[in-house]
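At position 57 of the sequence shown the residue is numbered 57 (UniProt numbering), and the sequence of numbers has no breaks. Here's the structure, in structure tokens; my notes come after.
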Amino acid sequence: MGKRVCMVLYRIPHSLQPSRFVYFFYNFMSTILATTITTLSRVMRPKTMPNSHYQQCQQKCNSACSVIRAMRHQETTSYKASHYLDWANVTQHDRKEMCQWGFSIVDACCLDHNLAVVAITYFDRFLSCRGVRVVEVCLASQREFQLAFITCLVISLKGREGMKISPDFVAETLCEQMYHPEEVIEMEIEVLRTLQWKLNGPTPQDFIQCFIELLSSSDDETARKFFVKAVKRSEIAMLDYSLALEPPSNIAIASVASVMSSLDPKTQCRLNATAWMNCIGIVAGAASTDFDQEATYKSLQSIDVIESDWEQKHVHSLNSLGSALSSLCESNM
């Protein structure tokens, strides 16, 4: 970039309080990061880009950087999930079946797949809470395990989409009378209580959206197609137990890198691929050329991305639930 960034270590005065030092250090590092991003955005700027469009892109870039930093803080503090099937009576296959069913439900309602991803994150976080009686029951019984996922999906539809879903509808239609409405209500309360009502954590799609905003390319159609492919990869990753427990930013970066590696050199050039991936690595706190997400990337590459995989496996479910779910969605419009 023509300039060398110098890191200056200041000696901490004895009179400086720890809290003031943390505040000073945070501001210092934020300034360094902002300067680096500004420099990168200038390097990535196409020569043919008008000044007005460049300024607009720079504003979007700065906004995306702030959002990414906030989401990175969330995923490393209050919204982490850990392995939970090592001591359970349910299996990874059981989890995958429920996740595929969740995608089928949002498809039947013509809703964004991200709602199912949000439900999966609730589900994994809920079952990661060891020592909670209801969690132990869910991991010991397939019946309760299924009810927990259904409840997480309902919470996602209510909270993210604003849908009104009655316990009677869940029990009679979604669950085909396998559960009583009272059981649905009780499980919803238990899930919310266990999650401490923390329902606004980031998903891989949220990170991918911000990464796309870091693009300096004016080829919006190419960027849109890239976004769709990367999101598809991240959704496939959420079906895999070991991948889904990775931080959402890891899944997002691995998905972006996976799609990027499948593009032809001409398309990569249009997207300024090298500069863009380096920018993502700096903002997300990872070195994109040799990042900790390497294992996630390799695992993601090994998964065959089959279009409409869960739709094909759940045609019967969609046919039986389609009309009821359609009427539910229409009533919420």
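Where a beta carbon is used, it is the ideal one built from N, C-alpha and C, also for glycine.
Three-state secondary structure (DSSP) of residue i
{"i": "residue 344", "result": "Only positions 1 to 333 of the chain appear in this structure, which leaves residue 344 out of reach."}
{"i": "GLN177", "result": "coil"}
{"i": "ASP94", "result": "helix"}
{"i": "THR158", "result": "Sequence inspection shows Lys at residue 158; the Thr mentioned does not correspond to that position. Reduced to three states, the DSSP call for LYS158 is helix."}
{"i": "PRO202", "result": "coil"}
{"i": "HIS73", "result": "helix"}
{"i": "ASP240", "result": "coil"}
{"i": "SER141", "result": "coil"}
{"i": "LYS196", "result": "Strictly speaking, residue 196 in this sequence is Gln, with Lys absent from that position. In this structure, GLN196 counts as coil in the three-state DSSP scheme."}
{"i": "LEU111", "result": "coil"}
{"i": "SER82", "result": "coil"}
{"i": "ASP124", "result": "helix"}
{"i": "LEU214", "result": "coil"}
{"i": "ASP264", "result": "coil"}
{"i": "ASP219", "result": "coil"}
{"i": "VAL22", "result": "The predicted model places VAL22 with a pLDDT of 45, which falls under 50 and marks its position as unreliable, so this point remains unresolved."}
{"i": "ALA324", "result": "In this predicted model, ALA324 has a pLDDT of only 48, less than 50, meaning its place in the structure is not dependable enough to derive any value."}
Range covered by the alpha helix (DSSP H) that runs through residue i
{"i": "ARG130", "result": "Per DSSP, ARG130 belongs to no alpha helix (DSSP H) and is neither H nor E."}
{"i": "MET163", "result": "Counting along the chain, MET163 falls outside any alpha helix (DSSP H), and DSSP gives it neither H nor E."}
{"i": "ASN89", "result": "Counting along the chain, ASN89 falls outside any alpha helix (DSSP H), and DSSP gives it neither H nor E."}
{"i": "ASN278", "result": "273–283"}
Through-space distance from residue j to residue i, alpha-carbon basis
{"i": "CYS109", "j": "PHE103", "result": "10 Å"}
{"i": "ARG160", "j": "ASP206", "result": "13 Å"}
{"i": "ILE155", "j": "ALA140", "result": "23 Å"}
{"i": "ILE282", "j": "ALA223", "result": "20 Å"}
{"i": "residue 334", "j": "VAL170", "result": "In this structure the chain extends from 1 to 333, so residue 334 is not present and cannot be described."}
{"i": "MET163", "j": "THR91", "result": "31 Å"}
{"i": "CYS61", "j": "GLY131", "result": "43 Å"}
{"i": "MET277", "j": "ILE212", "result": "11 Å"}
{"i": "GLU136", "j": "TYR84", "result": "10 Å"}
{"i": "TRP101", "j": "LEU111", "result": "14 Å"}
{"i": "GLU186", "j": "TYR241", "result": "26 Å"}
{"i": "ASN250", "j": "ARG233", "result": "12 Å"}
{"i": "LYS266", "j": "GLU144", "result": "51 Å"}
{"i": "GLU182", "j": "PRO167", "result": "8 Å"}
{"i": "ASN89", "j": "GLN142", "result": "8 Å"}
{"i": "SER66", "j": "CYS175", "result": "41 Å"}
{"i": "GLU188", "j": "LEU245", "result": "22 Å"}
{"i": "GLN177", "j": "GLN268", "result": "51 Å"}
{"i": "ASP264", "j": "ASP219", "result": "15 Å"}
{"i": "GLN59", "j": "SER262", "result": "30 Å"}
Contact under 8 Å by Cβ, residue i with residue j
{"i": "LEU243", "j": "ALA237", "result": "yes"}
{"i": "SER255", "j": "ALA230", "result": "yes"}
{"i": "SER63", "j": "SER128", "result": "no"}
{"i": "PHE226", "j": "VAL184", "result": "no"}
{"i": "LYS198", "j": "SER78", "result": "yes"}
{"i": "CYS279", "j": "ILE68", "result": "no"}
{"i": "THR203", "j": "THR121", "result": "yes"}
{"i": "LEU214", "j": "PHE126", "result": "no"}
{"i": "ARG133", "j": "ALA284", "result": "no"}
{"i": "ARG75", "j": "GLY201", "result": "Rather than Arg, the amino acid found at residue 75 in this sequence is Glu. Yes, the pair counts as a contact, with Cβ atoms nearer than the cut-off."}
Which listed residue (the options) has its alpha carbon closest to that of residue i
{"i": "CYS99", "options": "LYS60, HIS73 and LEU147", "result": "LEU147"}
{"i": "ASP94", "options": "ARG130, PHE123 and CYS210", "result": "PHE123"}
{"i": "VAL106", "options": "GLU246, GLU235 and PRO202", "result": "GLU235"}
{"i": "ILE150", "options": "THR194, TYR179 and PRO248", "result": "TYR179"}
{"i": "GLU190", "options": "GLU221, CYS175 and CYS152", "result": "CYS152"}
{"i": "LEU271", "options": "GLU221, HIS113 and SER66", "result": "GLU221"}
{"i": "ALA70", "options": "LEU263, ALA257, PRO248 and PRO181", "result": "PRO248"}
{"i": "LEU192", "options": "LYS232, ALA119, ALA257 and LEU115", "result": "ALA119"}
{"i": "TRP87", "options": "CYS138, GLU97, CYS65 and GLU75", "result": "CYS138"}
{"i": "ALA257", "options": "LYS80, ILE208 and ASN114", "result": "ILE208"}
{"i": "HIS113", "options": "ASP264, VAL228 and LEU245", "result": "VAL228"}
{"i": "ALA116", "options": "SER262, CYS269 and LEU239", "result": "LEU239"}
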